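One structure is given below, encoded as structure tokens.
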């Protein structure tokens with residue numbers, strides 16, 4: 103019913119959206135007398151605000167055309183190197199050959215598209231051969247492909263590591279938990295394609311530590327409540343008709359409600375910028391919300407698995423995490439260097455939740471474990487924005503460079519000094 107109500111709302115506001123677009127265009131055309139008056143600018147600004155509020159946002163493009171390598175602009179093309187029903191492994195191929203580490207960016211499957219990490223990739227691509235997990239919107243996946251659980255997510259990561267081999271992992275937010283499990287399974291199997299290092303950014307590894315509103319919500323109700331109230335069936339208008347999903351529009355509502363006043367203020371500021379003619383600020387607002395408001399449906403099995411195993415039962419920090427029905431032993435991971443990064447002001451994964459990985463992955467030598475807390479950033483600032491580009495990104499580069507080669511005591515000391 104929720105999905106049908108959302109569709110009805112989208113169809114209802116579509117004419118309003120079209121009318122506001124027409125109004126904005128009319129008031130901003132050079133031949134329109136209104137475009138030269140304060141009244142016309144105010145009408146155009148109001149029309150655009152309403153137009154954007156009623157817009158149905160789709161997945162943006164990554165749009166990364168160049169990599170800046172040693173001061174040279176190297177063309178970048180995107181290619182799908184592994185195509186699975188629920189995820190595409192996307193490669194940002196530089197049109198030149200460089201002897202640089204391979205890097206698998208594990209994007210979270212938590213409501214937003216992998217394009218939310220565009221800035222992350224843009225920074226890392228200068229020093230690494232970058233691949234990313236580009237998760238599919240489940241409403242577009244035919245039901246004939248079956249469901250998708252947390253175990254399936256972990257299996258995908260293992261397959262990607264085997265395909266790439268000799269790779270480093272950078273996992274963000276929700277992706278940190280399955281990345282740890284995948285590394286453990288590979289270590290238990292003693293395969294030769296274990297990742298060389300794992301960098302975990304802002305992840306809910308132990309949500310008992312510094313719990314946030316997100317954590318409290320996940321444990322505030324019985325699992326059955328989530329099954330009965332937020333799981334929907336994809337309707338006939340989509341390719342994935344019949345799929346059981348946690349809809350993106352519900353997740354977006356949660357995101358917006360957490361910082362409702364901030365979002366309202368930003369839209370009033372946007373309205374003022376449009377009237378003043380501050381094009382740069384207005385365009386930054388558009389770019390951010392084009393991405394932020396574009397959400398995707400998540401597989402129901404995966405969503406419920408994550409709620410139960412990560413947020414309610416805390417399986418990983420309690421040593422009870424299972425994969426394919428068997429409890430895994432995280433102490434078996436002993437060859438993978440570990441870097442955990444947290445944001446001082448993170449209101450989604452509190453400080454200490456990511457650092458908990460150090461107490462779980464006990465088999466990794468202490469001189470291969472590092473932790474860093476970035477001052478004055480929230481959740482998104484951990485993997486995007488100015489502080490990421492200036493401080494966190496360079497730290498990740500130094501860490502990966504250090505552990506891309508066989509262990510060397512001098513390099514370990516230099517890494518400790520960098521932190």
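In my numbering, the protein residues as written are 103 to 521.
Beta carbons: idealized from backbone N, C-alpha and C, even for Gly.
What you are looking at is a predicted structure, and each value in this text was computed from that prediction instead of being measured.
Per DSSP, the bridge partner or partners of residue i
i           : result
residue 182 : 192
residue 441 : 301, 472
residue 538 : Beyond the ends of the chain as shown, which are 103 and 521, falls residue 538; an answer cannot be given.
residue 335 : 346
residue 425 : 428
residue 231 : 204
residue 214 : 397
N- and C-terminal bounds of the alpha helix (DSSP H) containing residue i
i           : result
residue 318 : 315–321
residue 299 : Per DSSP, residue 299 belongs to no alpha helix (DSSP H); it is in the beta strand (DSSP E), 299–303.
residue 279 : 278–291
residue 504 : 495–504
residue 466 : Segment: none, residue 466 is in no alpha helix (DSSP H) and carries neither H nor E.
residue 198 : That residue, residue 198, is in no alpha helix (DSSP H); it is neither H nor E in DSSP.
residue 255 : 252–266
residue 574 : The requested residue 574 does not occur in the structure, where the chain is confined to residues 103 to 521.
Proximity below 9 angstroms, CB of residue i to CB of residue j
i           : j           : result
residue 186 : residue 261 : yes
residue 281 : residue 401 : no
residue 306 : residue 455 : yes
residue 319 : residue 399 : no
residue 109 : residue 339 : yes
residue 286 : residue 431 : yes
residue 501 : residue 439 : yes
residue 257 : residue 295 : no
residue 275 : residue 481 : yes
residue 151 : residue 490 : no
residue 443 : residue 484 : yes
residue 227 : residue 196 : yes
residue 213 : residue 345 : no
residue 220 : residue 166 : yes
residue 253 : residue 420 : no
residue 188 : residue 164 : no
residue 311 : residue 459 : no
residue 497 : residue 462 : no
residue 208 : residue 277 : yes
residue 273 : residue 314 : no
Residue from the options with nearest C-alpha to residue i
i           : options            : result
residue 447 : 304, 249, 274, 152 : 304
residue 341 : 219, 295, 105, 243 : 243
residue 493 : 222, 403, 460      : 222
residue 451 : 119, 107, 207, 279 : 279
residue 115 : 505, 154, 127      : 154
residue 156 : 391, 478, 418, 476 : 391
residue 148 : 178, 292, 129, 211 : 129
residue 369 : 383, 360, 356      : 383
residue 434 : 283, 169, 119, 161 : 283
residue 378 : 160, 141, 200, 119 : 141
residue 179 : 405, 231, 288, 463 : 231
residue 506 : 299, 139, 127      : 299
residue 182 : 441, 192, 174, 176 : 192
residue 125 : 113, 144, 111, 463 : 144
residue 474 : 134, 356, 445      : 445
residue 522 : 259, 374, 404      : The structure shown does not extend to residue 522, since the chain spans only 103 to 521, so no value can be given for it.
residue 467 : 246, 441, 449, 477 : 441
residue 394 : 127, 361, 429      : 361
residue 161 : 127, 397, 363, 355 : 397
residue 173 : 133, 229, 208      : 229
residue 245 : 176, 497, 337      : 337
residue 429 : 290, 209, 169      : 290
Helix, strand or coil at residue i [DSSP, three-state]
i           : result
residue 96  : The shown model of the chain, from 103 to 521, leaves out residue 96, and the question about it has no answer.
residue 306 : coil
residue 169 : strand
residue 117 : helix
residue 512 : Only weak support exists for where residue 512 lies, its pLDDT of 45 falling under 50; the value from the coordinates is given anyway. Residue state, collapsed to three classes: helix.
residue 401 : strand
residue 457 : coil
residue 133 : coil
residue 481 : coil
residue 530 : Absent from the structure is residue 530, since the part of the chain shown begins at 103 and ends at 521.
residue 108 : helix
residue 122 : helix
residue 375 : helix
residue 153 : helix
residue 448 : coil
residue 487 : coil
residue 351 : helix
residue 159 : coil
residue 507 : coil
residue 381 : helix
Residue i, enclosing beta strand (DSSP E) - first and last residue
i           : result
residue 271 : 269–274
residue 205 : 204–208
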